[in-house]
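Residues 3 to 392 in our numbering are what the sequence shown spells out, letter by letter.
Structure first, then comments.
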Amino acid sequence: MRTNIIVLMVLMLVFSNSSKAQDKNILLEEITGAWCGLCPGGFVYMDSLLAQYEQIIPVYLHVGDTLSCEESEILGDTYTGGGVPGFLIDRYLFDGYPYITFGLDYSLLNELIEQRMAMPVEAAIAITNVSLDENNLLNVVVETEFFENFSDADIRLNLYITEDSVSNIDPAYDQANFYNIVEDHPFYNQGPLIAGFEHRYVLRKMAGGAWGEINSLPQNINIGGQFSFTFQMALDENWDWEKIHLIALVQEYNDSTAFKRHILNATETALSGWINENPYPPIVNLLNDPDKQVAISGSGAVKKADFKATIFPNPVSESSILSISNPFTGVTKLSLRDLTGQLRTSSEMDLAGKNFILLSETLPVASLPMGIYFLEVECGGQKKTLKLRR
């Protein structure tokens with residue numbers, strides 16, 4: 003009885019307030035590949051957009067490399083013929099732009115995202131429960147509410163599983179980089195092949211396939227219609243469950259063309275927020291034991307625990323603190339870049355056992371023009387990028 007009351011309260015919070023229920027998120031899928039030397043430029047685009055829009059949910063669809071999966075290969079072949087990089091904005095068909103290639107200006111990509119955000123919201127979607135059953139199968143409950151009528155339409159639900167910060171010493175994970183010789187670019191002087199590169203927001207699986215789960219929603223949907231569907235799947239034991247995110251989405255399917263299969267809305271949640279115990283003993287909980295090392299994907303590769311970095315308060319001022327947990331010994335490097343990727347200022351410091359510093363002691367943050375910046379923190383050979391507001 004108590005469980006039913008809690009679920010009911012969650013649904014009321016999700017759907018009772020119409021202004022919140024009609025929030026629009028943008029699913030931004032970038033078709034990419036570790037072999038693609040231009041793709042680091044696309045990564046800068048993605049990071050810039052994430053800093054500018056909180057509504058964007060990022061996904062990297064790898065094709066032709068060791069990080070690809072069946073669904074990413076299908077989408078890459080369908081929309082770009084395997085060409086990379088390319089951006090899909092809710093897979094929406096803008097006039098003249100079935101997908102947005104890297105060759106187009108960042109300003110155009112930004113403009114089309116603004117256009118998509120201004121369109122009427124067709125549906126709300128929420129993940130209302132995540133659990134592991136006795137067979138270690140993941141059960142994810144997805145709830146939807148519709149704000150438009152869909153008559154004789156094929157509307158489907160889907161569930162993406164993404165993993166963040168995937169790296170390996172296997173050369174197959176190295177990222178090609180044509181920007182190695184481009185001064186002032188974020189990837190300048192990092193090598194033509196970046197070993198140990200951390201691949202972000204990697205699509206691991208789509209529980210509903212590339213085009214959504216058939217019959218997950220009725221054929222005729224009226225305004226105000228609310229529906230629930232439960233996805234069930236097994237997690238691969240080689241994935242780091244603490245870095246897994248779940249993305250639920252509602253999408254329209256069209257028999258005649260993939261360019262009219264747009265995504266109505268999407269939502270994202272971290273798996274670790276729902277599952278507090280590690281279901282796979284071979285994978286070490288690095289947060290609880292930061293000194294341990296763990297073999298990655300059975301390859302024998304060894305990865306050290308990540309450090310964590312945060313800024314508070316943010317937007318920044320003279321009193322803002324940069325906090326670093328689990329710091330490595332040695333010099334920590336700070337690099338501040340603007341939305342275009344241009345280096346604004348940099349600094350080096352020795353933490354000497356300290357876990358935090360006054361940010362203004364190393365960077366002139368208080369004198370920066372108002373705007374959004376990226377702060378790269380390099381510590382012990384690893385990097386973290388923080389969004390900084392001024």
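Quick reminder that beta carbons are idealized off the backbone N, C-alpha and C, glycines included.
Q: Taking the CB atoms as reference points, tell me whether tyrosine 62 and threonine 34 lie closer together than 8 Å.
A: yes
Q.
For valine 142 and glycine 105, what's the separation of their Cα atoms in angstroms?
A. 38 Å
(Q) Can you tell me which residues form a DSSP beta bridge with cysteine 381? (A) Gln384
Q | Paired residues, beta bridge with aspartate 352 - DSSP | A | Val333
Q: Give me the Cβ distance between glycine 88 and isoleucine 102, rounded to the nearest whole Å; I'm assuming they're in contact under 8 Å.
A: 7 Å
Q. According to the Cβ coordinates, are isoleucine 249 and glutamate 215 closer than 8 Å?
A. no
(Q) Here's the rule: buried if 16 or more other CB atoms are within 10 angstroms of the residue's CB, otherwise exposed. What is alanine 128? (A) buried
**Q.** Touch test, the stretch 107-117 against the stretch 128-138, Cβ-Cβ under 8 Å, three pairs minimum
**A.** no
Q: Go ahead and pull the three-state DSSP assignment for glycine 88.
A: strand
Q | Reduced DSSP secondary structure (H/G/I, E/B, other) of methionine 48 | A | helix
Q: Could you please give me the residues that DSSP links to arginine 158 through a beta bridge?
A: Gln253
Q) Run through DSSP, which three-state label would phenylalanine 189 get? A) coil
Q) DSSP three-state call for threonine 80: helix, strand or coil? A) helix
Q) Alpha carbon to alpha carbon, what distance is there between glutamate 363 and tyrosine 162? A) 42 Å
(Q) Are the CB atoms of leucine 29 and alanine 268 within a distance shorter than 8 Å? (A) yes
Q | 8 Å Cβ shell around proline 284 - same chain, five flanking residues per side excluded | A | Confidence in proline 284 is poor, its pLDDT being 29 and thus under 50, which makes the residue's placement unreliable; the coordinate value appears in the next sentence. Closer than 8 Å at Cβ, skipping near neighbours: Glu239.
Q. According to the neighbour-count rule (16 or more other Cβ atoms, all chains shown, within 10 Å of its Cβ), is proline 383 buried or exposed?
A. For the sequence presented, residue 383 should be read as glycine rather than proline. Label assigned to glycine 383: exposed.
Q. In or out: isoleucine 183 buried (at least 16 other Cβ within 10 Å) or exposed?
A. exposed
Q: Report the three-state DSSP secondary structure of alanine 268 (helix, strand or coil).
A: strand
Q) leucine 110: buried (16+ other C-beta within 10 angstroms of its C-beta) or exposed? A) exposed
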